[in-house]
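Structure, as structure tokens:
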């Protein structure tokens, strides 16, 4: 998504075979860039959107959808509402969609206070030279200029929405010419901002009246139609439906709200299509429930269960409408470091295909950092022949076992979906079969040839020791075989119970076992399906046993808090992908060996950052660094391959990933020293005598404090090596506005209180840059519109101003280069504008002379391979 990968070596000239036909596996293929955090699309400007749209087209993807957070009234936060979607009646905007009345809304910026654990921290205070990356203290997207952290006047509120409308108009118009569908939307029921409510009440209108809601939806849709192109508007179920479930009342409220939106879209003249989305596919009572509640023209979509859960099997029960699966390309808790999830993305794509999905999108914040996942997702949208396994002669990727998800417990208290014990089991001579079980779900869908079968269901009550605590109904092929089953009442605690069903028909290749909870969650230990020509047995929640197939647990995948959580290893082979990817990124010599390393790392990159009020937080680690360092042995292996990497482009890409992992290792070391420092401070605090306490503080505590700040300084050096995109710059913002607060500000305050006097300043916390000089172009567009003057931001990262800096350009492959001096904006930031584009492509590079006289050039391959820019035809 961030740009192209061009081989260093020229290939032999040959006319390509252009007479090809390709048909995608999914009608819609694309991305769901997320905002809210600094790392996401909140910081994108018009050029960033256009860059991504151009790359999507090259990747043969055709969709980009954005979720817009609403205002949160309980507690009300000035930062919740995002300006992607304006809410109000039709009379509050003009024919171009420019609003005259609005409400306070904002995107992420460096002056925000409190959201996601950040403190307002002007970029001019950033350490180790990081301030050079930013031209102003209140850094954020251009639509927020002069309105940070949030607009506080009616004029400012309108300005933010109108600027956003212009940005989306310019960017989405390019997307439409490229054939990329666009989608934005809000959550349901429609959250009406307080400022809008007040105006409605002043007009004697009830904000809860369905007619008023319909009027507001019509205003939203008409304003969008006037302001910018759009293909879809998706209405999301609230995020709480994932963490704490939903009630029947909330399900009804969503359907009623969506009905008002359906009426409103007709009132607005059907300018685009309505769809649904959410953190879950549908209500907990039945994830496929929208099939009965919403018209067939409404597509349904959902994120996979956060963060690394599978595509919802309930997609398979939906037919006759569009259905879009959205797996996570990365998770936000670990967003401070690299993540590799290619094997899982392939599994998600295979499942989406098996379930008959018509759309495959990936959720992400960053761009270059998720390059492998994006590439894997893009390819899986067109072909899965080489890696998607056959399953019993069925279409590729059809799994033999699907689970019906049940309601979730409140977040942080969710039960595991499987359990095991080594206790003896009464009522059976086959203890191992009943020493594992699956619970917290609602049933199975099992691949079975057509015919009639005897089905034996084995149950166990592993938890409760009295009746009435776990009660559920059991159905096979929609036929009731046990009503209000209470395992304890029938058999007792840790005692096997069997239920048999005879002559069960299978007519469509699937046997459905449904277990509807009455109280608590269903629980089952074994399933045996036996016919004349076919037998299938499943050891529920356990590994293979005798002639019973394995049905292993799905490990919970949250990484929430100070303890590192093991991630579930769920995926399909990816060695072929990384061989291709690494060879193109690093060359023929180093590629195969780096591919083998990345294949081993996929899904197993150490989890270092986590969550604390916001994503990408660090926690103290009380383990010794000598132990933790072993987790990064792979880094030595990657470094040992450096001599095999030939060519400027290959080396730049190699150094980028090397710095990614170096920075991750630096984070881990910081955590370990922090853990030692916390322990030393706790020891000092436990001392009764002030003299002993002071000696500990001035000895081990101050020593570890110095070690910690030096470790932070060491971690910053490779961090600067990966700052080449808005996502990379956001990692710096996270360190300064989020990690800094936890690691430095709060502990320093507590230590100073314990010490009883001002602390000496940490020696390593300098604001000067001491790394090698770098040229950075954070947004690289490869396409302009005819007549457009492309503006380029260039960052010179150095310990002094450059002696000279200029852009050199020419028509592609023609004549002499022309030079345009870079114009200094502030700190290390420069701007340059190319002449208006004609009808021919251009090539360019940027050159600068560093303060120490070194020559800098961007891209690394210039002038042999410059950055190229093609011109879009003026006609659509």
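In this note's numbering, the protein residues as written are 53 to 928.
Beta carbons: idealized from backbone N, C-alpha and C, even for Gly.
Being a predicted model, the structure only gives us computed values, none of them experimental.
Proximal residues to residue i (C-beta, below 6 Å), its chain only, five neighbours per side dropped
i           : result
residue 504 : 555 and 557
residue 352 : 328, 342 and 375
residue 294 : 331 and 332
residue 553 : 507, 528 and 533
residue 175 : 162, 183, 186, 189 and 191
residue 53  : 104, 107, 419 and 426
Through-space distance from residue j to residue i, alpha-carbon basis
i           : j           : result
residue 379 : residue 423 : 15 Å
residue 59  : residue 703 : 11 Å
residue 538 : residue 580 : 21 Å
residue 497 : residue 885 : 59 Å
residue 582 : residue 626 : 36 Å
residue 926 : residue 276 : 24 Å
residue 751 : residue 860 : 56 Å
residue 473 : residue 631 : 42 Å
residue 755 : residue 800 : 14 Å
residue 124 : residue 132 : 6 Å
residue 524 : residue 601 : 25 Å
residue 549 : residue 339 : 29 Å
residue 230 : residue 223 : 11 Å
residue 919 : residue 411 : 33 Å
residue 286 : residue 91  : 23 Å
residue 178 : residue 65  : 50 Å
Own chain partners of residue i with C-beta closer than 7 Å, once the 5 adjacent residues on each side are dropped
i           : result
residue 465 : Residue confidence is low: residue 465 scores 28 on pLDDT, short of 50, so the model does not pin down where it sits. Its coordinate-derived value is still stated next. Closer than 7 Å at the Cβ level, and outside the excluded window around residue 465, lies no residue.
residue 768 : 180
residue 887 : 841
residue 893 : 864, 920, 921, 922 and 923
Candidates the options: closest to residue i by CA position
i           : options               : result
residue 348 : 325, 770, 219 and 358 : 325
residue 384 : 70, 195, 415 and 642  : 415
residue 219 : 662, 196, 249 and 518 : 196
residue 791 : 166, 110 and 159      : 166
residue 835 : 812, 891 and 479      : 891
residue 262 : 312, 254, 911 and 381 : 312
residue 781 : 68, 192, 536 and 514  : 192
residue 863 : 551, 857, 882 and 923 : 923
residue 201 : 216, 571, 223 and 172 : 172
residue 713 : 759, 770 and 738      : 770
residue 823 : 849, 141 and 708      : 849
residue 63  : 690, 756 and 636      : 636
residue 814 : 762, 542, 881 and 404 : 762
residue 753 : 874, 733, 143 and 404 : 733
residue 566 : 494, 628 and 499      : 494
residue 244 : 69, 268 and 256       : 268
Beta-carbon proximity of residue i to residue j, cut-off 8 Å
i           : j           : result
residue 74  : residue 434 : yes
residue 639 : residue 722 : no
residue 170 : residue 666 : yes
residue 810 : residue 804 : yes
residue 680 : residue 720 : yes
residue 658 : residue 684 : yes
residue 392 : residue 718 : no
residue 479 : residue 547 : yes
residue 203 : residue 158 : yes
residue 278 : residue 361 : no
residue 901 : residue 700 : no
residue 825 : residue 906 : yes
residue 118 : residue 136 : yes
residue 213 : residue 152 : no
residue 500 : residue 417 : no
residue 898 : residue 832 : no
residue 510 : residue 577 : yes
Same chain only: Cβ atoms within 8 Å of residue i, ignoring 5 sequence neighbours per side
i           : result
residue 232 : 82, 105, 108, 109, 113, 114, 115 and 116
residue 225 : 280 and 281
residue 522 : 513, 515, 516, 538, 539, 540, 571, 572, 573, 574 and 575
residue 624 : 395, 398, 399, 402, 439, 440 and 441
message: What ranges does the alpha helix (DSSP H) occupy inside the stretch 508 to 574, keeping only unbroken runs of at least 4 residues that lie completely in it?
response: 539 to 542
- prompt: Hey, which unbroken runs of the alpha helix (DSSP H) at 4 residues or more fall wholly within the stretch 689 to 762?
  reply: 700 to 738 and 742 to 748
message: For a minimum of 3 consecutive residues, which ranges assigned as the beta strand (DSSP E) are wholly contained in the stretch 101 to 172?
response: 115 to 119
- prompt: Which runs of the alpha helix (DSSP H), 4 residues or longer, sit entirely within the stretch 764 to 806?
  reply: 778 to 786
message: Restricting to runs no shorter than 4 residues, where is the alpha helix (DSSP H) found entirely within the stretch 277 to 304?
response: 292 to 295
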